[in-house]
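A.B. asks: Pasting a structure below so you can have a look.
As structure tokens, then:
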């Protein structure tokens, strides 16, 4: 007996090991495509684009890639693409990553659209004009909280194994599905290929992402298919993609790392199958989640009230980020030889249905320094290629969002939905400016094993990196100290102890004071020799920007640093120094040759130099408001070379400005495009070359320097002439007559939204049954997804929502539904039934979105529409047959632009009416449509000069679809299914010269009196003091006139600089 037990105990683990080996090898696939077959041709293109373990090189120069996500398909008004992308540029980004949305371009099988707001050729030309590199991500899968994860609706309707997922957790390579992917690539990739840096002198595309968050292994279990990646990479190369290929692991799991050395000895042996990898290994990093919408499988006990949320924990950041370099380099092979690349680095978070909080609450949760902390923390790990997700979220206009994406996709991002550059962007930009201006010594660094600095409090010092010496071993090794205040007691002020060996050879440790608010970070500079010959031992004051003015025939040259006003931090120099200026400096000496400078804390300048040397280090101290508007213009060599322009110092900005919310420099026309608010009266410009004659030297004695100029802004403040709550007039209304719609018979087992292509908005179902002459209760039992509204003989009979944030449950927003048969409801409709005539039941079912097939979940085929319906209590033999009605999205230009109600664009039947604010909402009206007009508050004379974004504000317990000048822009749920009340009216969809029309499709589940309804158009009254962009709401019952609120309005002005 014991022998048998021992045999079993030995056999079980042996069997499990054998199964794991089989699973591992079977996932590696059999397609005869190797890593080498699809690798980047360095011999041919390496002089244009290359890399080492530290960073990319473009035309032989090291380049830092600071990218931000941009979704053109979330901006329906193409005219706004350039406006928003200029804000990326002004925000310090030199690159964008673009998800190309397959379903957005492919409304029906075999039909591809690349015109108007789908014109990606125009978009890529625009990137080249604005000098933005592009990381192109054409999927085929993109996730992105969009319908079906970006797959076409017509494809989701086919019972294909979407993403080769046979059922959740298991994949099987599907040639039929792969053929559809190939067709998409063959349409989109030739457009992208025309804009590659390797093919076009001024090309913008520097790399192409294949698929999205495609796991090789999930917790060591091999789920991924190497053939899936092989096939897509081979198609990409066949479509003339010559730039490097990369993927984005969902986290640092080591998926699809290139191991070209394995290709030397190909094998067909099952146990010797080779893995497949891409040129560059990338991984995504999301680390801190909003308590009420964390990506967890079950959230039964979440805290809905944002006022009760616990602050995000510093330990979560430390745990997620402080091991990345070791982890990634530990994968070996090409992951140890290429730059650390993060294609999606968290820049906010989304929110979803059935939650109480808004994106303003999300912004408050993260604060304005979160993204900067994350950015500094990954730079500490040696990352030189990153893309922030999101920088500008945009809008889920129409029905383009999935179950995780209601109308706003603000994401609490750096640029808010209506265009405001938030404090989060302003803090992040300072980090970009430091890294870019020191990129000659920062692009290639290595970790310091024994740091030369330590702090007086715990969890303030992160780590140190130092410049990698060149091949000759010459040059100064600059040291970067990464400081991040996660101190448990939230100390703002502390000491840093610096170890330094003086010129005389004596090593000593000395203390320096430092000021750094809790949950803030910066990179401290040390062991740096200025272009003027000064040696900085260490700076405990942030140096936000370096400007180099090289020596010339008539100028001795100088180096300029911009620092914050700071009366705590210090600068330690080696050797004797002289200092002058109005910052009221003080110097203390340590040891033989260490001189430490501190300032009094005010604005101003200081000049530091060696005693007998005319070359100066100029230090300029700016206050917080000025630093929040600090912009710098860098001349990147690739773009300069493409336009035959000389570039001497690509790491030093040619123009620096402060004083205005936005400053974009147009290189082609040598013009600054400036946006400024009510209290911004002038712009300061720092430039080696004198700007145009009407820009004067700064006469203010704060900065009386021969290279700082001041331009008074001439457009002036015109906000007082703009009334941003326009009158709503010419109200009219009509109702949808259900009997006039085109119905067709349907069996409910085939009556879902997807299989009938009624996936945008609503599907209508109708049945008829004969008169009921008995006293039985008549009950309607229905199961549907996601929201239903029931009418019996024209009377509202009830409605409910089936939506769940938990896996497997009815209406699960993510993951497959196991309990599909649940989630139904019963309605007693006896009181509405006629006993003398036929009875009609109409069920309006709204689909909140098709699930997106993320990671290993097979949920794109989760049921939508009416799943089952039964009427009980009818006479024996009564037969209930159903009809269906909706809008087939295959016939639309874009399959996300309809409410699903077939008569939504009907022009007849409208009658003049009082407003919905006076009428109220009556459930028995069914679907009632409202039209009203308004005029844009900005006079057409000021179009392009004054920017005053508008919003539609809705309050009241009703449902509404919102059309702006004929375009479906939003969905409102006043019953609690969604927390959004403010809907951005996109500037590019508004008319300045003509009246604007808003159409509201409204229905409700309860009688809503006029006093409980608000429908108004107004500006964005926001928190500009804290630079959050959050809405300031007028308290209920208080009139506008009693509450001094001003809308966010900016003036635009162009200034010729050269």
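In the numbering used here, the protein residues as written are -16 to 1041. Virtual Cβ for every residue (Gly too), placed ideally from N, Cα, C.
(1) Who pairs with residue 496 in a beta bridge, going by DSSP?
(2) Taking 8 Å as the threshold (C-beta atoms), are residue 227 and residue 263 in contact?
(3) Could you have a look at residue 319 and say whether DSSP puts it in helix, strand or coil?
(4) So what does DSSP say about residue 745, is it helix, strand or coil?
(5) Using 8 Å as the threshold, is the C-beta distance between residue 691 and residue 1038 below it?
(6) Would you report the Cα separation of residue 261 and residue 138, rounded to the nearest angstrom?
(7) Considering Cα atoms alone, identify which of 73, 824, 755 is closest to residue 1049.
(8) Express the C-alpha separation of residue 910 and residue 718 in angstroms, rounding to a whole number.
(9) For residue 420, which of helix, strand or coil comes out of DSSP?
(10) If contact is defined by three or more beta carbon pairs under 8 Å, each pair taking one atom from either stretch, is the segment 469 to 480 in contact with the segment 437 to 447?
(11) Can you name the residues that DSSP bridges to residue 762?
(12) For residue 799 and residue 151, which I take to be in contact (beta-carbon distance under 8 Å), what is that distance rounded to the nearest angstrom?
(13) Taking the beta strand (DSSP E) that residue 1070 belongs to, which residues open and close that run?
(14) Tell whether a beta-carbon distance below 8 Å holds between residue 55 and residue 115.
(15) What does DSSP give as the partner residues of residue 564 in its beta bridges?
(16) Rounded to whole angstroms, what's the CA-CA distance from residue 97 to residue 103? Just pull it up for me.
(17) Since I believe residue 951 is in contact with residue 381 (beta carbons under 8 Å), could you give me their beta-carbon distance rounded to a whole number of angstroms?
(18) Exposed or buried, residue 411, counting other C-beta atoms within 10 Å across all chains shown (16 or more means buried)?
(19) Whole-angstrom Cβ separation of residue 636 and residue 801, contact assumed at under 8 Å?
(20) Would you kindly check if the distance between the Cβ of residue 270 and the Cβ of residue 324 is under 8 Å?
(21) Are there three or more Cβ pairs, one per stretch, closer than 8 Å when the segment 370 to 390 is compared with the segment 580 to 590?
(22) Suppose contacts are defined by Cβ-Cβ distances below 8 Å. Is residue 556 in contact with residue 590 by that definition?
(23) Can you give, in chain order, each stretch of the alpha helix (DSSP H) that sits fully within the segment 420 to 454 and has at least 4 residues?
(24) So, helix, strand or coil for residue 57, using DSSP?
(25) So what does DSSP say about residue 716, is it helix, strand or coil?
(26) Of the residues 532, 444, 132, 394, which one's Cα is nearest the Cα of residue 1042?
(27) Under DSSP, the alpha helix (DSSP H) around residue 212 begins and ends at which residues?
(28) In angstroms with no decimal places, state the Cα-to-Cα distance between residue 180 and residue 186.
(29) So, using beta-carbon positions, are residue 848 and residue 736 closer together than 8 Å?
(30) Under 8 Å between the Cβ atoms of residue 17 and residue 249?
(31) Using the beta-carbon count (16 or more within 10 Å), is residue 760 buried or exposed?
(32) Our contact map puts residue 337 next to residue 788 with C-beta atoms below 8 Å; I'd like the distance itself, whole angstroms only.
(33) Can you tell which of 823, 775, 603 has the C-alpha that lies nearest to the C-alpha of residue 906?
(34) Please tell me whether, using a cut-off of 7 Å, the distance from the CB of residue 537 to the nearest non-hydrogen atom of the ligand FAD is below it.
(35) CB-CB under 6 Å to residue 946, same chain, minus the five flanking residues each way: which ones, in chain order?
(36) Let me know the secondary structure DSSP gives residue 840 once reduced to three states.
C.D. replies: By the coordinates alone:
(1) 478
(2) yes
(3) helix
(4) strand
(5) no
(6) 27 Å
(7) Past the edges of the chain, shown from -16 to 1041, lies residue 1049, and the structure says nothing about it.
(8) 6 Å
(9) helix
(10) yes
(11) 811, 855
(12) 5 Å
(13) No information on residue 1070 is available, as it lies outside the stretch -16 to 1041 that the chain covers here.
(14) no
(15) 589
(16) 7 Å
(17) 5 Å
(18) buried
(19) With a Cβ gap of about 57 Å, residue 636 and residue 801 do not count as contacting.
(20) no
(21) no
(22) no
(23) 422 to 425
(24) helix
(25) strand
(26) Limits of the chain in this structure are -16 at one end and 1041 at the other, which puts residue 1042 out of reach.
(27) 209 to 221
(28) 4 Å
(29) yes
(30) yes
(31) exposed
(32) 7 Å
(33) 775
(34) This structure does not include the ligand FAD; it has no bound ligands of any sort.
(35) 982
(36) coil
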